[in-house]
Each structure stands twice: as C-alpha cells, then as structure tokens.
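Heads up: the sequence shown begins at -10 in this note's numbering, then just goes up one per residue.
I have placed the structure first, in the form of structure tokens, so that the comments after it can refer back to it.
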Amino acid sequence: MFAPESCLPTSVRPEQPNPNASIAAASTTFVARIPPSCRARLRASRRDHCTGRVARYRHGGGSVKKVSLTGIKPTAQPHIGNWLGMHRPSLELAADPSVSAYYFVADYHALTTIRDPAELRRLTIDVAAVWLAFGLDPTRTLVYRQSDVPEVFELSWILACFSPKGFMNKAHAYKAARDVNVAKGEDEDAGVNMGLYTYPILMAADILIVDADVVPVGQDQVQHVEMARDMAQRFNHTYGAEVLKLPTALVRGESGVVPGVDGRKMSKSYGNTLPCFSTAKQLRKAVMRIETDSTPPEAPKDPETSLVFKIHRALLDKERTEALAAEYRAGISWGGAKQLLAEELEALLAEPRAKYDELMKDPSSIEDILDDGAKRVRAIAGPVLGRVRDAVGVR
C-alpha cells in the first residue's frame, strides 16, 4: 500500500536514526545478562534464520528483498477514494521486484468494534476477495489471516511485558477516545476496552513477527510503527542482542483528498461515495448525483472549481487531465462531464467487479489462499519467535 523506501527518490525517503550504534553499546553492557547457553542458542537461531531468509528472498544480482507488511482491517466494501489512496499504491508495491510484500486480514484487530461473529467472518472473506479482485497475486505475495498465525499473539504478550503504561497512554487512538469522553463530561475511560488500549502492542507483534523492513502507512498511522520500533529497541536493549528487527514507517505521498458526490471527503459515514463494486447502473446513478453549480450547459467551465473534474482527474495522468480540462473550458455540459466520468469508472472497475463476483461465489477458494498464506508466513514467524523465546529464557 505504499512504495518501498528503496523505490522513493532520496529527497522523500523517511529519515530514520541508525539503530546499530545504540544496539552495539547495549550489547556490550547487557550481554552478560544472558546465560552462555542461551546466548549460543540465540546466535544459532539468528544465524539459521538469516541464512534461510537470504535463501528465500535473494533475487536478480544476489540482493535481498525488503519485506513490506500491510495490515487490512475487515470493513465494508471500498469506494473509489479507497482504491486511489490505498489499493492502487499497494498493488504497485506488490509488483515491485525488490520487495517481498505481505498482506494480512487483521481480524483480531476488528474485535475492538465488531461483536457479530457472522459479520466478522463475512467481512474477512470479503476484504480478501476485494484485494484479490483488484489484482493482488497470492503467488507473488503472502496473503494471510491474522488469527491463523498464533505466533503473533505470543509475541504480543511478551512485548506487553516490556511496554510501560505511560508509554501506552501516548497512543493516538486511546488519547482520541479519552478526549471525546472528557469533552462529553464523561469518565475519560468510558467505553475504552483493553483491546483498544493495547492495540499498538498487537500491531507491533504483527510487524515484528515477520521481520518487516518497511510498513507502508498513511501519516495518521506513523505512530504505530514508531511504537513498534521502540518496543523492539527496548527488547533488544534489555537482552543485549539484535533479536528483533527495527521496522521503518514508509509514509505514502499524499495523493490528495478525493471528494465525495457532495464535496466533502469521500467517506462511507457521509454516504457520499462512489462504490467500487456496485453494478454499472448503480455506479452511473451515483455519478449523476455529483453536485454542480448553475453554470449553463454550453458555457465554459472552470475545471478547478468543478467537483466532477476533481474526482475525474484523480483517475488520470497529466496529459489526459489537461485534455479533460480543455473540454471543460470549451463548454462541455454537466451531463456530458458526468458521462465521461461514469465511462472512466466503468472501464476501470468492470474487470475487478467481475472477478470479485466470481470469487464470492466460491468462498472456499479464498479460504484456501488464506490458509496457504498462513502456512508460509508461519515458516517465517516461527524462527522469529524462537529467537525471542531463547532471549527471554522460555523453552
């Protein structure tokens, strides 16, 4: 869902502190805390793991692929704003030959809000079908369900034991919920469950259990990756060894807010979306609802003030955007402008819609993909958890 750091221009790559110096110092100070036998097992575990990792991910001229991890929370079906801001850049990342891209359906994260088991199961299959329909190739990526990887939850508990309460109090989601309660005059922790409070710890476990190098996120999710990095550093410092890899947040470039049919940000909560998997007729009807001004049909129109144009240009390259703007200035009617947008959307979404419908007719095929992905990712997660267990002294 975002470009890997190696694929970004140097000027926009996220700057991260070099962890090696602090870890080396920590190793000198704290290595004596680990019994010699444990240190030997830890070194062997890391050596075996690294050897396997290189074998799995070497490509081309012998370089090692970066591991990118994207978590997908089960939600309702996507709209065109989701596709532009999340699905399209993520699929571009998955196609990058220098990256090993992992995608998981975060069904346990969804338990903070979803209480209907049938709904959770349905949404889990649905969100996997959406990504597969958009072109995510399970033969080139890892696609799995979070709940099928028990190593995540064992690591989550271990990380919780190294996460001070004051540290967790700083999590944005918890602070936002608390601020809402205070503004209402309620107890600051009203309605806050421990799943929400410890959400960053489970997210850190998701990231660290697969030795992720980069985690593509929007700006509002950067803190979660930073917290995962802090937890890994704290753990490594305690045990005087590089047990856990330090991940880097990969912040996607802002593609701009895609407006909805009423001019506000496109959002399911506003009911102003252009749904990706509605029928062609339903999609055209939604396009025709886009608000316009009172400019006469034949009069020249300023594309920069047109809501129809703002939505349409998000789908186009520079050359086609300029050509479309020229049509607006030449006096295209509002009906004509909306028809062009509807045709553009149908050309974009017809094939994914058909693929989605096909997948949903056979949910077992999606289950097979998720099951296979879980088996493959557990082969990666197992050695990571083994390093952690060796470090803490658990057999």
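A virtual CB, placed ideally from N, CA and C, is assigned to each residue, including glycine.
Take the alpha-carbon of residue 217 and the one of residue 153: they are about 13 Å apart. In the structure shown, the three-state DSSP call for residue 207 is coil. By the Cβ test, the segment 193 to 213 is not in contact with the segment 351 to 361, since fewer than three Cβ pairs between them sit closer than 8 Å. Residue 192 is positioned such that its CB atom lies closer than 7 Å to that of residue 213.
In the structure shown, residue 375 falls within a helical segment according to DSSP collapsed to helix, strand and coil. Straight across, the Cα-Cα distance linking residue 194 with residue 158 is about 18 Å. With a cutoff of 7 Å on beta-carbon distance, residue 200 and residue 234 are scored as near each other. Contact between residue 380 and residue 230 holds: their C-beta atoms lie close to 7 Å from each other, under 8 Å. Linking residue 324 to residue 296 through their CA atoms gives a straight-line distance of about 13 Å. In the DSSP assignment, residue 310 falls within the alpha helix (DSSP H) that extends over 307 to 318. Counting C-beta atoms within 10 angstroms of its own C-beta, residue 100 has fewer than 16 neighbours from the protein chains shown and is therefore classed as exposed. Cα atoms of residue 168 and residue 186: separation of roughly 14 Å, rounded to the nearest angstrom.
In this structure, residue 140 and residue 371 form a Cβ contact; the two beta carbons are roughly 6 Å apart against a cut-off of 8 Å. Under the criterion of beta carbons closer than 8 Å, residue 98 and residue 163 do not qualify as touching, at roughly 14 Å.
Between residue 237 and residue 203, the gap from beta carbon to beta carbon is short of 7 Å. Taking the CA atoms as reference points, residue 102 sits about 50 Å from residue 288. Just measuring C-alpha positions, the residue of 55, 256, 364, 368 sitting nearest residue 134 is 364. When secondary structure is reduced to three states using DSSP, residue 124 falls in the coil class, being assigned neither helix nor strand. Between the segment 62 to 72 and the segment 257 to 268, the count of Cβ pairs shorter than 8 Å is three or higher; the stretches touch. When C-alpha distances from residue 147 are compared across 330, 322, 223, 327, the shortest belongs to 223. For residue 238, the uninterrupted beta strand (DSSP E) run begins and ends at 237 to 240, by DSSP.
129 is the residue among 283, 114, 129 whose C-alpha sits nearest the C-alpha of residue 86. Going by DSSP, residue 94 is part of the beta strand (DSSP E) stretching over 88 to 94. Between residue 56 and residue 239, the alpha-carbon positions lie close to 12 Å from each other.
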